[in-house]
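Reading through the structure tokens given below for one structure.
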Amino acid sequence: MTDYIRSTRQDGLLEIVIDRPERRNAITGEMYGAMADAIRAAEDDGDIRVILLRGEGDVFTAGNDLDDFVSNPPDGLDQPVFAFMRSVLTSSKVVVAAVSGLAIGIGTTLLLHCDLVVAGRSTRFKAPFVDLGLVPEFGSSRLLPQAMGRRRAARHLLLSEEFDAPAAEIFGIVSQVVDDDQVLETAHKYVRTLLAKPPAALARTKKMLAPDADELAELIKYEAGFLVEGLKGPEFAEAADAFFNKRKPDFSKTK
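Structure representation (structure tokens):
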């Protein structure tokens, strides 16, 4: 397992920590693979009933590591990023997320698949896929409009507008907004409460609340095709070059 992902199993809980604060917890392919492995292993462990996802430090995640995506772009559904998506989508465990600071890209779309989300009051959310010459992923092209309505989703997906934690709570993306220094404590309180519940009833209720996994899997596959294509295209190349060189992208040259 990569040093940037910490995974511990204890007393019914699998806790996964994205531990790369020096890069704002940006996620590489190797890190996706490590998280997918941990979640799949927990699926085979009857003692584990809850999964807690969090970032080390004051940031949840700044999304995909752009250096890694340029050097090692995923080229098919067998790649770690998609394995991670499948592991979360199909997990029978209750998934809790503790979110602070920034939740960018998959840091936002991942939350659409979590059962409970605690966010710090100052947390900012953004889905800047179009700005990168890419498309929404992880089922967000459907789940975001379902959560907040098509018009609002268009603002955040087409214009890449940020939104804050109180808005995320109104949209139903976040379960509870708390003071920044109370995020982890509140998430662990959720975990303790969940672990005290009747196991079978809890698991069945999670399953009833979940959207159709097969239908979502097909949507994720559909989105992934455009994502893989986009990563090979001139718009992503221009966006990445502009990012690395700290300049404004010029997409007129990609027409």
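Each residue of the sequence shown is one higher than the last, beginning at 1 in full-length UniProt numbering. We put the CB at the ideal spot given by N, CA and C, even for glycine. Predicted, not measured: the structure shown is a model, and the values here were computed from it.
- What residues in its chain sit with their C-beta under 7 Å from that of Phe69, if we drop five residues either side in the sequence? Taking the sequence shown and counting its residues from 1, the one referred to as residue 69 is at position 69. Listed in chain order, the non-local C-beta contacts of Phe69 below 7 Å within the same chain comprise Leu231, local neighbours out to five positions each way being set aside.
- Query: Do the segment 110-117 and the segment 62-80 meet, that is, are 3 or more Cβ pairs less than 8 Å apart?
  - Reply: A contact is defined here as three or more CB-CB pairs under 8 Å, and the segment 110-117 fails this definition with respect to the segment 62-80.
- Quick one: any contact between the segment 136-144 and the segment 187-204, if contact means 3 or more CB pairs under 8 Å? Cβ pair count under 8 Å is below three, so no.
- Query: Are there 16 or more other CB atoms within 10 angstroms of the CB of Asn25, so buried, or fewer, so exposed?
  - Reply: As a position in the sequence shown, residue 25 is number 25, starting the count at 1. Buried: at least 16 other Cβ atoms inside 10 Å.
- Message: Using only the alpha-carbon positions, how far apart do Ser122 and Leu52 sit?
- Response: For the purposes of this step, residue 122 is taken as the residue at position 122 of the sequence shown. For the purposes of this step, residue 52 is taken as the residue at position 52 of the sequence shown. Cα-Cα distance, rounded: 20 Å.
- Task: Select from Asp131, Val59, Leu157 and Pro80 the residue whose C-alpha is nearest the C-alpha of Thr109.
- Result: Looking up residue 109 in the sequence shown gives position 109. Considering only alpha carbons, the answer is Leu157.
- Express the C-alpha separation of Phe125 and Phe163 in angstroms, rounding to a whole number. Taking the sequence shown and counting its residues from 1, one reaches residue 163 at position 163. Taking the sequence shown and counting its residues from 1, one reaches residue 125 at position 125. So the alpha carbons of these two residues sit roughly 5 Å apart.
- Task: Kindly indicate the opening and closing residues of the beta strand (DSSP E) around Leu116.
- Result: In the sequence shown, counting from the first residue as 1, residue 116 sits at position 116. Counting along the chain, the beta strand (DSSP E) containing Leu116 begins and ends at Leu116 to Gly120.
- Message: I'd like the list of long-range same chain contacts for Asp11, defined as Cβ closer than 8 Å, with 5 residues on each side in sequence excluded.
- Response: Residue 11 sits at position 11 when you count from the first residue of the sequence shown. Same-chain partners within the cutoff: Leu195.
- Item | Boundaries of the beta strand (DSSP E) in which Ser7 is found, first to last residue | By one-based count along the sequence shown, residue 7 stands at place 7. Start and end: Ile5 to Gln10.
- Message: Can you check which of these residues, Lys255, Leu216 and Glu215, is closest to Pro234 by C-alpha distance?
- Response: Indexing the sequence shown from 1 puts residue 234 at position 234. When the alpha-carbon of Pro234 is set against those of Lys255, Leu216 and Glu215, the nearest one is in Lys255.
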